[in-house]
Amino acid sequence: DNVRHGLNRDLTFGEEDRVENIRRVGEVAKLFADAGIICIVSLISPYRKDREACRAMLQKGDFIEVFMDVPLQLCEARDPKGLYKLARAGKIKGFTGIDDPYEHPINSEIVLQQRPDIHTTPCEMAETVASYLEDHGYL
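Positions in the sequence shown are counted from 1; adding 7 to them yields our numbering.
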C-alpha cells in the first residue's frame, strides 16, 4: 500500500499497471541488493512471469521467493479492508483470486502455509524465513 501512495501513485490496478508496479518495486529492491542490504518486499504479484522477471534482475541467489500459501477462503474470512467483500459484490474488478487469476509459484525457496488445520503463527513464519537466511549465509 505504501508504495502505491508514493513511487507508484500514477498506477492503476489494471494488468499493465500491476506489471509495472512489480517491475518498479523489483528495481528498487535491486538497488538495495546491489548495496549489500537485505530487502524484504511484500507484494501481491499474481503473475508468475512478473516474479520471474524480478528474479532475473538480481544476481543468482539474491531473489528468495516466499510463497504465503493461504487458501482463498481464509483470505476472505480475514479481509481486514473489506476488499474481498467488495470484489464479490462486483464493486472491484480485476481482483486477484476473485475475477483475476493468481498463478501459484513453481520454484519458491520458502513456502509458508496457513490453513484451517495448520495454525502457524506470524512469529513461527518469521522464524522459518530467518532460519532459511541464516542457513544460506545471508545473516
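For glycine and all other residues, C-beta sits at the position ideal for the given N, C-alpha and C.
Chain-order list of residues whose beta-carbon lies under 7 Å from that of residue i (same chain, five-residue window excluded)
i	result
Asn15	Asn28 and Arg31
Tyr109	Pro53 and Thr103
Val10	Val32
Asp24	Leu18
Local Cβ density within 10 Å of residue i, reported as buried at 16 or more and exposed below that
i	result
Tyr91	buried
Ile47	exposed
Ala94	buried
Ile51	exposed
Cys61	buried
Among the options, nearest to residue i - alpha-carbon criterion
i	options	result
Asp69	Ile45, Glu134 and Cys82	Ile45
Glu22	Ser138, Asp107 and Ala137	Asp107
Asp124	Asp86, Pro78, Cys130 and Val73	Pro78
Met75	Ala36, Ile113 and Gly144	Ile113
His126	Asp142, Tyr139, Leu81 and Tyr145	Leu81
Contacts around residue i, its chain only, beta-carbon distance under 6 Å, and the 5 residues preceding and following it disregarded
i	result
Met132	Leu119
Val148	With the chain covering only 8 through 146, there is no way to say anything about residue 148.
Arg55	Glu110
Whole-angstrom C-beta distance between residue j and residue i, which should lie under 8 Å
i	j	result
Ala34	Ile71	A quick correction: the sequence has Glu, not Ala, at residue 34. The pair is not a contact, with the Cβ atoms about 17 Å apart (cut-off 8 Å).
Ala40	Leu65	6 Å
For residue i, the residue or residues it bridges with in DSSP
i	result
Ile125	Arg122
Phe74	Val118
Thr19	Thr19 is not bridged to any residue.
Thr103	Asp107
Near the ligand ZN: residue i beta-carbon under 8 Å from a heavy atom
i	result
Arg55	The model on display carries no ligand, and the ligand ZN is accordingly not part of it.
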